[in-house]
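Trainee: Before we start, here is the structure in question, set down as structure tokens.
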Amino acid sequence: MQDAAATQPDPPDRTGPRLLLIRPTALGDVAKTAASLAALRRAHPHAHIDWLVSRPFAPLIAPHPALDGVVAFDRKRAGSWAPLLRTLYRARYDAVYDLQGLLRSGLFTLATRAKVRIGFADAREGAAWCYNRKHAVTIDQNAVDRMLGLLSADGIDTAAPDPRLYVDPDEQQPHRDWLAEHGLDPNGYVAVAPTAKWGCKRWPIERFRVLLRRLTSAGHPAVVIAGPGEADSVRLLVGAGSGASGASGVSRASGGGGVLFEGGVGRLSACLADARAVVANDSAALHIAVGHGRPVVGLYGPTDPKRVGPYQRPEAVVQPDGLEPGEMVGYRKRQDDDALIRRISVDAVWERLRAVAGV
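Numbering (my numbering), first residue to last: 493 to 851.
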């Protein structure tokens, strides 16, 4: 993977306009943006298309065949803004699409000095001032469709959305080797992602433990996914010790509840792409799995699956019984209060998993 600033001159079939797509964070939202990239490529087959994204997330989108370059944003590194802004200015983009709609992404859009700067008319934090083509797009729809709606309003054909993600072969083979070390086969395990940034989005860990026991009792191996800083709590779930880390950077620790997976975003993408099915909270793992076309079960408490659910997979959503519309007040208001998502039973998740994946 190369940053856009270091890419070589355009190949012969990339002699059209220079376009920039901006969606730096969060990882789940980055995954959802793949459909917009595919639509841009269909509309502009000869364009050079770059994507500005947070550097740790770049391995998720860099393998996409519709993408020419990555502009990596080091959001946590002091002094990273000045060289980034110079890169954006020197790239001489013809058009920029801000699909995030926050002040930071708006400023990035403005910094390109592109002739055409497209964004949401209702962009937050004053970001709309940075665009010269603003479109009103309803927020009351899935996030994927909202981003596609912005492109459509600007004249891009967004029919037949293509949300696919792709795995870097340099990540896939080490993952396959790791599977072989643990006696697992591609498409032979269920990936379970029990974490989420907000406590109100986390199905209780003891319920995941019961689910894992059902999977293993039924003869279905499980791979339990730990995000950055989450390994200790997930080890408790799988009943594993600290484990040893191999050269691949993936922690090898197994117990009665499955095999523990730790790795960067590229390896996570490979792990989810190879899974027979994925069970996850409303988190990045769920949306990456959707991008890889895997059967999924998504557990939703205070977040609205109409807006942030697995794209075009309403059958994959499990919500509390008797949920009232007024109870979905948003994760920022509920913070770490898991009372709502706790109302989802193990039986409900198990039956949905059997229905969508035949386990």
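Note that CB positions come from ideal geometry on N, CA and C, so glycine has one too.
1) Going by CA-CA distance only, name the one from 674, 815, 783 and 598 that's closest to residue 521.
2) My guess is that residue 830 and residue 692 are in contact by the Cβ rule of under 8 Å, so how many angstroms apart are they, rounded?
3) To the nearest angstrom, how far is the alpha carbon of residue 611 from that of residue 593?
4) Does the distance from the C-beta atom of residue 613 to that of residue 620 stay below 7 Å?
5) DSSP state of residue 722, grouped into three classes?
6) Shortest alpha-carbon distance to residue 648 belongs to which of 694, 589 and 848?
7) Starting from the Cα of residue 679, find the closest Cα among 764, 799, 525 and 827 and give me that residue.
8) Buried or exposed: which applies to residue 742, given that a residue is buried once 16 or more other Cβ atoms fall within 10 Å of its Cβ?
9) Shorter than 7 Å from the beta carbon of residue 793 to some beta carbon of chain C?
10) Nearest-angstrom Cα distance between residue 670 and residue 754?
11) For residue 671, name the three-state secondary structure that DSSP assigns.
12) Taking the straight line between their C-alpha atoms, what separation do you get for residue 722 and residue 752?
13) Could you tell me which of 792, 712 and 689 sits nearest to residue 846, measuring between CA atoms?
14) Just to confirm, are residue 852 and residue 550 a CB contact at a threshold of 7 Å?
15) Taking Cβ positions, are residue 657 and residue 700 nearer each other than 7 Å?
16) If we ignore side chains and look at the alpha-carbon of each, how far apart do residue 596 and residue 759 end up?
17) With contact counted as at least three CB pairs below 8 Å, one residue from each stretch, are the segment 660–667 and the segment 631–650 in contact?
18) Give the DSSP bridge partners of residue 513, in chain order.
19) Quick one: residues in its chain with C-beta nearer than 7 Å to the C-beta of residue 509, no 5 flanking neighbours on either side, listed in chain order?
20) Helix, strand or coil: which one does DSSP assign to residue 556?
21) Taking all protein chains shown into account, decide if residue 515 is buried (16 or more other Cβ within 10 angstroms of its Cβ) or exposed.
22) Just verifying my parser: in three-state terms, what is the DSSP assignment at residue 816?
23) Which residue's Cα is closest to the Cα of residue 708: 718, 696, 719 and 682?
24) Count the other C-beta atoms from every protein chain shown that fall within 10 angstroms of the C-beta of residue 624, then say buried if there are 16 or more, exposed otherwise.
25) Between the C-alpha atoms of residue 825 and residue 673, what's the straight-line distance to the nearest angstrom?
26) Return the CA-CA distance between residue 697 and residue 506, expressed in angstroms with no decimal places.
27) Cutting at 8 Å between CB atoms, please list the residues of its own chain near residue 842, excluding the five before and the five after it.
28) Name the residue from 665, 666, 773 and 710 whose alpha carbon lies nearest to the alpha carbon of residue 718.
29) Just mark residue 557 as buried or exposed, buried being the case when its beta carbon has 16 or more other beta carbons within 10 Å.
Mentor: Quick answer:
1) 783
2) 6 Å
3) 7 Å
4) yes
5) coil
6) 589
7) 764
8) Low confidence applies here, because residue 742 scores a pLDDT of 41, under 50, leaving its location unreliable and the question unanswered by this model.
9) Looking for chain C here will not work: only one protein chain is present.
10) 11 Å
11) helix
12) 11 Å
13) 712
14) Outside the shown range of the chain, which is 493 to 851, sits residue 852, and nothing can be said about it.
15) no
16) 28 Å
17) no
18) 543 and 589
19) 536, 539, 586 and 587
20) coil
21) buried
22) coil
23) 682
24) exposed
25) 44 Å
26) 49 Å
27) 703 and 706
28) 773
29) exposed
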